[in-house]
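J.: Here the sequence shown stands for residues 37 to 373, numbered as in this note's numbering. Once you've had a glance at the structure underneath, I'll fire off some questions.
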Amino acid sequence: MRRTDLPTEFHAAAPMRLDFAGGWTDVPPFSAREGGVVVNAAIGLHSHVALTLGGKLLRLVAEDLGETLECANSGGLILDGKLDLPKAALRMFPVLGAFTLSTRCDAPLGSGLGSSGALDVALVAALTRARLERMGERDLAEQAWQVEAVEAKIPGGKQDQYAAALGGWHRLSFRDPDVGVEPLTLDPSFAAALERHIVVCYTNRSRVSGDTIARVMSAYERGDRKVTGALRGLKDAAEAMVLALRGADLTRVGTLLTENWTHQQALDPGMRTPEMARLEEAMREAGAIGGKAAGAGAGGSMFFLIGKDPRAAVEAATSAGATVLPVTWAAEGARAW
Numbered sequence: 037m038r039r040t041d042l043p044t045e046f047h048a049a050a051p052m053r054l055d056f057a058g059g060w061t062d063v064p065p066f067s068a069r070e071g072g073v074v075v076n077a078a079i080g081l082h083s084h085v086a087l088t089l090g091g092k093l094l095r096l097v098a099e100d101l102g103e104t105l106e107c108a109n110s111g112g113l114i115l116d117g118k119l120d121l122p123k124a125a126l127r128m129f130p131v132l133g134a135f136t137l138s139t140r141c142d143a144p145l146g147s148g149l150g151s152s153g154a155l156d157v158a159l160v161a162a163l164t165r166a167r168l169e170r171m172g173e174r175d176l177a178e179q180a181w182q183v184e185a186v187e188a189k190i191p192g193g194k195q196d197q198y199a200a201a202l203g204g205w206h207r208l209s210f211r212d213p214d215v216g217v218e219p220l221t222l223d224p225s226f227a228a229a230l231e232r233h234i235v236v237c238y239t240n241r242s243r244v245s246g247d248t249i250a251r252v253m254s255a256y257e258r259g260d261r262k263v264t265g266a267l268r269g270l271k272d273a274a275e276a277m278v279l280a281l282r283g284a285d286l287t288r289v290g291t292l293l294t295e296n297w298t299h300q301q302a303l304d305p306g307m308r309t310p311e312m313a314r315l316e317e318a319m320r321e322a323g324a325i326g327g328k329a330a331g332a333g334a335g336g337s338m339f340f341l342i343g344k345d346p347r348a349a350v351e352a353a354t355s356a357g358a359t360v361l362p363v364t365w366a367a368e369g370a371r372a373w
């Protein structure tokens with residue numbers, strides 16, 4: 037019999053991120069062979085998890101997707117493409133008895149803002165709390181990556197999980213299996229200026245990053261010179277971005293965003309969709325001094341640094357068919373209660 041003085045509800049939330057430079061270099065085998073560097077910042081959009089004990093069935097509910105799965109016990113958690121991340125998390129961190137596990141994300145699935153990585157982290161945070169276990173930030177990030185990349189077999193790097201677990205700004209270095217974590221301290225007025233002048237635009241076309249990732253890394257393994265050169269260029273852009281951010285150089289940040297995007301497009305022919313091309317042109321005319329795809333690319337979101345009043349850029353993005361998402365920096369990483 038369950039003690040009545042123990043909690044029956046557990047919650048967790050973890051922030052998404054903007055990757056300023058170096059994305060893709062955290063993905064194996066490049067991260068194992070050559071080592072990657074990513075500069076990212078946690079933002080005020082979150083993935084949320086709620087676990088409520090009780091009932092007669094095990095229920096998984098994805099509120100933002102409108103999907104529900106019910107089964108009699110954890111033996112029914114078969115990875116079949118439907119709610120695989122919650123299933124994978126429960127396979128690694130099982131909870132006894134019947135319960136409802138609900139998830140939702142503040143940004144659309146496939147937005148390129150690291151929503152699945154943040155969801156991994158929030159799932160692990162909520163489930164370990166329900167199991168009365170404690171886990172540090174780095175362990176939380178590592179276990180969350182295991183949920184997605186190993187248990188659910190969805191390829192990808194670790195930058196999203198580390199951003200979600202840690203919060204704040206970081207230079208992350210990857211030499212598998214090691215991850216180096218270097219916090220970045222920005223001048224407060226410069227950080228505030230970035231927040232005001234960055235416009236995040238969801239193209240209203242999501243993407244399955246696993247497909248693109250598998251294609252790019254297969255080309256790298258074959259020794260494709262164009263892909264290999266682009267990955268090395270992305271790593272160099274990340275190192276340069278660290279200096280630009282620490283130096284509070286807004287123009288240089290914009291230039292490096294565009295440089296990063298140029299290298300990113302060289303990775304795969306489908307990296308820049310027609311929607312993204314139209315959005316880029318509209319934002320350039322509205323005063324963008326730089327911009328790139330968020331996350332893997334090939335759809336999802338783009339973000340732009342606007343050199344003047346960003347209100348005109350917001351209007352231009354909307355006219356181009358994009359949905360503008362809010363930007364605030366999130367100093368706090370994942371939390372569970």
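For every residue, glycine included, the Cβ atom is placed at its ideal position computed from N, Cα and C. In this text, all values refer to a predicted model and were calculated from it rather than measured experimentally.
If you draw a straight line from the alpha carbon of arginine 39 to that of isoleucine 249, how long is it in whole angstroms?
T.: A caution first: arginine 39 carries a pLDDT of 49, below 50, which makes its placement in the model unreliable, though a value can still be read off. C-alpha separation (whole angstroms): 47 Å.
J.: If contacts are defined as beta-carbon pairs under 8 Å, then glycine 369 and alanine 78 qualify, I think. What distance do you get, rounded to the angstrom?
T.: Glycine 369 to alanine 78, Cβ: 7 Å. Contact.
J.: For arginine 140, collect the residues of the same chain with a Cβ closer than 8 Å to its Cβ; drop the 5 residues on either side in sequence, then sort them by chain order.
T.: Ser83, His84, Ala98, Glu99 and Asp100
J.: Flag this pair as yes or no: are the beta carbons of valine 363 and valine 186 separated by less than 8 Å?
T.: no
J.: Does the separation of the CB atoms of alanine 154 and proline 51 fall below 8 Å?
T.: yes
J.: Quick check on threonine 164: buried or exposed, where buried means 16 or more other Cβ atoms within 10 Å of its Cβ?
T.: buried
J.: What does the alpha-carbon distance come out to for the pair serine 67 and glycine 216?
T.: 12 Å
J.: Report the option in Phe46, Ala367, Ala266 and Val73 whose CA atom is closest to the CA atom of aspartate 214.
T.: Val73
J.: Ignoring anything shorter than 3 residues or poking outside the stretch 333-364, list the beta strand (DSSP E) runs there in chain order.
T.: Whole beta strand (DSSP E) segments, 3+ residues: 337-342 and 359-361.
J.: Opposite phenylalanine 210 in the DSSP bridges: which residues?
T.: Gly72 and Val215
J.: Would you call serine 110 buried or exposed, if buried means 16 or more other Cβ atoms sit within 10 Å of its Cβ?
T.: exposed
J.: So alanine 366 is in the beta strand (DSSP E); what residue range does that whole segment cover?
T.: Taken as a continuous stretch (DSSP letters only), alanine 366 belongs to no beta strand (DSSP E), as it is neither H nor E.
J.: Reducing DSSP to helix, strand and coil, say where lysine 271 ends up.
T.: helix
J.: I'd like to know if the stretch 283-299 and the stretch 314-326 are in contact, where contact means that at least 3 CB-CB pairs between them fall below 8 Å.
T.: yes
J.: Mind checking who lysine 189 pairs with in its DSSP beta bridge?
T.: Lysine 189 is not bridged to any residue.
J.: Leaving out the 5 sequence neighbours to the left and right, which residues in its chain are closer than 7 Å to isoleucine 190 when beta-carbon positions are compared?
T.: If we look at isoleucine 190 and ignore the five residues flanking it on each side, its Cβ neighbours are Glu184 and Gly246.
J.: Nearest to arginine 308 by CA position, among Met338, Thr61, Asp55 and Met319, is which residue?
T.: Met338
J.: Decide if aspartate 41 is buried, meaning its Cβ has at least 16 other Cβ atoms within 10 Å, or exposed.
T.: exposed
J.: Quick check on the DSSP output: the alpha helix (DSSP H) that includes serine 138 runs from which residue to which?
T.: Note, serine 138: premise wrong, no alpha helix (DSSP H); beta strand (DSSP E) at 135-141.
J.: If contacts are defined as beta-carbon pairs under 8 Å, then glutamate 173 and leucine 126 qualify, I think. What distance do you get, rounded to the angstrom?
T.: In fact, because the Cβ distance is near 22 Å, the residues do not count as touching under 8 Å.
J.: Since I believe leucine 121 is in contact with aspartate 156 (beta carbons under 8 Å), could you give me their beta-carbon distance rounded to a whole number of angstroms?
T.: 6 Å
J.: Return the residue from the list Ala274, His299, Ser254 and Arg347 that minimises the CA-CA distance to valine 289.
T.: Closest option to valine 289, Cα to Cα, is Ala274.
J.: Within its chain, find whatever has a CB closer than 8 Å to the CB of arginine 69; leave out the 5 residues flanking it on each side and keep chain order.
T.: none
J.: Under the DSSP definition of a beta bridge, which residues are partnered with glycine 326?
T.: As a beta-bridge residue in DSSP terms, glycine 326 pairs with Leu341.
J.: Let's test the definition: count the other Cβ atoms within 10 Å of the Cβ of glycine 91 and tell me whether it reaches 16, buried, or not, exposed.
T.: By the neighbour-count rule (16 or more Cβ atoms within 10 Å), glycine 91 is not buried but exposed.
J.: Would you say glycine 192 and phenylalanine 210 are within 8 Å of each other, going by their C-beta atoms?
T.: no
J.: Thinking just about the alpha-carbon of each residue, which of Leu113, Ala108 and Lys123 is nearest to the one in alanine 134?
T.: Ala108
J.: Within a Cβ cutoff of 8 Å, which residues of the same chain sit near serine 242, ignoring the five residues on either side of it in sequence?
T.: Pro144, Leu145, Gly146, Ser147, Gly335 and Gly336.
J.: Would aspartate 55 and glutamine 182 qualify as a contact pair, given that the criterion is a beta-carbon distance under 8 Å?
T.: no
J.: Which partner residues of isoleucine 234 appear in the DSSP bridge assignment?
T.: Leu341
J.: Whole angstroms is fine: what's the gap from alanine 229's alpha carbon to aspartate 142's?
T.: 23 Å
J.: Can you grab the Cα-Cα spacing for the pair tryptophan 60 / valine 252, in whole Å?
T.: Spanning the two alpha carbons is a distance of roughly 9 Å.
J.: Looking at the structure shown, is glycine 80 part of a helix, part of a strand, or coil, going by DSSP?
T.: strand
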